[in-house]
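Below is one structure; the comments refer to it alone.
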Amino acid sequence: MKKLSYTHYSLALVGILLLWVQLNIGYWRYQDKIIAWDVVHYYAYLPAAFIYDDLTLNFTDNYKGEHQFLFWPEKAPNGNKIIKTTMGLSILYAPAFGIAHVLAEPLGYDAGGYSAPYRMAVQFAALFYFMFGLYFLSKVLLQFFHDWAVAISLPVLTFGTNLGYYVTHESGLSHHFTFALTSVFIYLSILWHQKPNVRYSLLLGLLSGLLVLIRPTNILVALFFILYNIRSFESAREKLYLFLKNWYLLAILLVVAFMVFVPQMIYWKYITGMWFYYSYPNENFYFMNIQIMNGLISYRKGWLLYNPVVVFAFLGMYLGRRYLQVFNLFQIVFIPLSLVVIFSWWCWWYGGSFGGRAMIDIYPFLAFGLVFFINYLINTHGVDKYILTLLFVVFTFYGTLQSAKYHYGAIHYDSMTREAYWHTFAKLRPDGKFYELLKQPDYEKALKGIDEY
Numbered sequence: 000m001k002k003l004s005y006t007h008y009s010l011a012l013v014g015i016l017l018l019w020v021q022l023n024i025g026y027w028r029y030q031d032k033i034i035a036w037d038v039v040h041y042y043a044y045l046p047a048a049f050i051y052d053d054l055t056l057n058f059t060d061n062y063k064g065e066h067q068f069l070f071w072p073e074k075a076p077n078g079n080k081i082i083k084t085t086m087g088l089s090i091l092y093a094p095a096f097g098i099a100h101v102l103a104e105p106l107g108y109d110a111g112g113y114s115a116p117y118r119m120a121v122q123f124a125a126l127f128y129f130m131f132g133l134y135f136l137s138k139v140l141l142q143f144f145h146d147w148a149v150a151i152s153l154p155v156l157t158f159g160t161n162l163g164y165y166v167t168h169e170s171g172l173s174h175h176f177t178f179a180l181t182s183v184f185i186y187l188s189i190l191w192h193q194k195p196n197v198r199y200s201l202l203l204g205l206l207s208g209l210l211v212l213i214r215p216t217n218i219l220v221a222l223f224f225i226l227y228n229i230r231s232f233e234s235a236r237e238k239l240y241l242f243l244k245n246w247y248l249l250a251i252l253l254v255v256a257f258m259v260f261v262p263q264m265i266y267w268k269y270i271t272g273m274w275f276y277y278s279y280p281n282e283n284f285y286f287m288n289i290q291i292m293n294g295l296i297s298y299r300k301g302w303l304l305y306n307p308v309v310v311f312a313f314l315g316m317y318l319g320r321r322y323l324q325v326f327n328l329f330q331i332v333f334i335p336l337s338l339v340v341i342f343s344w345w346c347w348w349y350g351g352s353f354g355g356r357a358m359i360d361i362y363p364f365l366a367f368g369l370v371f372f373i374n375y376l377i378n379t380h381g382v383d384k385y386i387l388t389l390l391f392v393v394f395t396f397y398g399t400l401q402s403a404k405y406h407y408g409a410i411h412y413d414s415m416t417r418e419a420y421w422h423t424f425a426k427l428r429p430d431g432k433f434y435e436l437l438k439q440p441d442y443e444k445a446l447k448g449i450d451e452y
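Numbering (numbering that gives the first Met the number 0), first residue to last: 0 to 452.
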């Protein structure tokens, strides 16, 4: 029997801790948790199609049945009701949804799609997909780094940032699902470059289509496949030759990705009369008013402020720039471009959220820098090692504390200020004074591209 590595034990530890948190908080017991806010849109395709048999949602006007439901449709230009988001997450929820639907009525729950079994299905589907993705990410990292470094990185990435919070507390949101699919995409991309074949092309096409169906801006993930292992002009020519030689495999990849997106196009055509439809008509990107600095370090929602350990991921990228040359060009292009796209969105703080949640989508790529930094700590000597190790441990545990503070309300979901942040800096729960120090953002101005932060 093959001996288990430290990374395998680390994966098991992460999974057990996440499961313990999910069971401890038991959010599936509450009607206003899990299938709430944005998840109402992501999830809507499933009950509409498989329980109420009406994707037009017209049944919601005069429903006289026994079930309770929750739909927040938008109005299309032709007046029809339309689900705001694309259907990628509904596809991923579907197996767990099916199990919940079979069990709901026999267990004495409402079988309308929104009772406890359905909420539990979404919550544990999130854990399954996340652990699936984390496993494949670890397989990639082990190709480049020592077992110990990878083993340490997995709980740090999960619990030292906002990632673990979203897997357990806001399980239906897209970010950890994107994390999972992106991790598998990285793994298969590397295998494709080592041995191009039809199987890998089919799987990469499926993943690409699903990623775009979850969030269209995830198309940027394709840059990894395109830019991987380009280190010089010579390697760029070799990459071009590889693509030209295997053009038919690339065609398969693109056709499969397109076919995954076709059901969405059919739905749009059925509801709106248009094959392509922008379902956020009053919400825009403002590329002339990009809020990168606010998104990274502001008290309202600064990603680095609330997830300080990711600083070491960037430090690891710099320190490992020679060792990780196969990723350098991709990181140089992808990370700045992602920052521009994420923080040019009209609501750059992403509404009620914790610690720059949109940045979770790029964590699989930051993992390389994080593991290199940990590897550096293991192998370096001198005073620098102890100082950096101390800072790394402090920042990791502080990130974990931030998640707990957000859970208990000592970090507000959208109205944090400098005064509020420092007032609860050493507190796990808020007091009356905390609420006096908050400042709610002006959503109406933000929709027009005006930010006064």
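Glycine is no exception: its CB is placed at the ideal position from the N, C-alpha and C atoms.
Everything numeric in this text was worked out from a predicted model, so none of it was measured.
Neighbourhood of residue i by C-beta distance below 6 Å, restricted to the same chain and skipping five residues each side
{"i": "E282", "result": "W345"}
{"i": "D146", "result": "S4, Y5 and T6"}
{"i": "V308", "result": "G159, F394, T395 and G398"}
{"i": "I151", "result": "I373"}
{"i": "G448", "result": "Y285 and N288"}
{"i": "F371", "result": "G315 and G319"}
{"i": "L22", "result": "none"}
Selection from the options that minimises the alpha carbon distance to residue i
{"i": "M292", "options": "P335, L323, M264 and V259", "result": "P335"}
{"i": "Y322", "options": "L212, R230, A425 and F257", "result": "R230"}
{"i": "Y405", "options": "Y420, K384 and F176", "result": "Y420"}
{"i": "I289", "options": "P76, F224, S337 and L376", "result": "S337"}
{"i": "I361", "options": "L226, L219, I33 and P94", "result": "L219"}
{"i": "H168", "options": "K138, I24, K447 and D109", "result": "I24"}
{"i": "Q324", "options": "V261, N245, Y227 and G87", "result": "Y227"}
{"i": "A403", "options": "D37, A95, K268 and Y305", "result": "Y305"}
{"i": "I15", "options": "G163, P195, W267 and F260", "result": "G163"}
{"i": "G431", "options": "G408, K194, N327 and L446", "result": "G408"}
{"i": "K80", "options": "Y276, T423 and T271", "result": "T271"}
{"i": "A48", "options": "L22, V13 and F96", "result": "F96"}
{"i": "A99", "options": "K83, W27, Y128 and H422", "result": "W27"}
{"i": "F127", "options": "P440, V13, K438 and H380", "result": "V13"}
{"i": "V155", "options": "E418, L400, F424 and F433", "result": "L400"}
{"i": "N217", "options": "L436, F275, T85 and L22", "result": "T85"}
{"i": "E73", "options": "L141, L56, V20 and Y298", "result": "L56"}
{"i": "F332", "options": "H422, I225, W36 and E435", "result": "According to the sequence displayed, residue 332 carries Val and not Phe. The shortest Cα separation from V332 among H422, I225, W36 and E435 belongs to I225."}
{"i": "Q330", "options": "P363, I82 and R299", "result": "P363"}
{"i": "S297", "options": "I50, E418, D52 and V340", "result": "E418"}
{"i": "D31", "options": "D52, A115, F242 and L54", "result": "A115"}
{"i": "F123", "options": "V139, V20 and L140", "result": "V20"}
{"i": "K238", "options": "H192, V183 and K63", "result": "H192"}
{"i": "T157", "options": "L133, K138 and S173", "result": "L133"}
Reduced DSSP category for residue i - H, G, I as helix; E, B as strand; rest coil
{"i": "K138", "result": "helix"}
{"i": "F284", "result": "strand"}
{"i": "E237", "result": "helix"}
{"i": "K426", "result": "coil"}
{"i": "W344", "result": "strand"}
{"i": "E169", "result": "coil"}
{"i": "K268", "result": "helix"}
{"i": "E443", "result": "helix"}
{"i": "I373", "result": "helix"}
{"i": "E65", "result": "coil"}
{"i": "I50", "result": "coil"}
C-beta atoms of residue i and residue j nearer than 8 Å
{"i": "F391", "j": "F311", "result": "yes"}
{"i": "I90", "j": "L209", "result": "yes"}
{"i": "L318", "j": "Y375", "result": "yes"}
{"i": "I185", "j": "F143", "result": "no"}
{"i": "L387", "j": "L153", "result": "no"}
{"i": "F176", "j": "L88", "result": "yes"}
{"i": "L45", "j": "Y108", "result": "no"}
{"i": "W71", "j": "V38", "result": "no"}
{"i": "F257", "j": "W267", "result": "no"}
{"i": "I377", "j": "A148", "result": "yes"}
{"i": "L203", "j": "S182", "result": "no"}
{"i": "A110", "j": "H66", "result": "yes"}
{"i": "F178", "j": "F232", "result": "no"}
{"i": "S173", "j": "R214", "result": "yes"}
Residues near residue i by beta carbon distance below 7 Å, same chain, minus five either side
{"i": "W302", "result": "G294, L295, G354, G355 and M358"}
{"i": "R525", "result": "Outside the shown range of the chain, which is 0 to 452, sits residue 525, and nothing can be said about it."}
Close beta carbons around residue i, own chain, < 8 Å, minus the five adjacent residues each side
{"i": "I34", "result": "Y42, L69, Y113, Y117, R118, V121 and G171"}
{"i": "S234", "result": "N228"}
{"i": "F260", "result": "G208, V211 and L212"}
{"i": "L18", "result": "L126"}
{"i": "F242", "result": "L249"}
Residue i CB to nearest heavy atom of the ligand MG below 7 Å
{"i": "R236", "result": "This structure does not include the ligand MG; it has no bound ligands of any sort."}
query = How about the region 111-128 and the region 341-361: do they share at least three Cβ pairs that are nearer than 8 Å?
reply = The region 111-128 is not in contact with the region 341-361.
ask   = Does the region 246-253 come close enough to the region 194-212 to have 3 or more Cβ pairs within less than 8 Å?
value = yes
inquiry  = Is it the case that the region 349-361 contacts the region 412-427, given that we only count it when at least three CB pairs across the two stretches are under 8 Å?
reply    = yes
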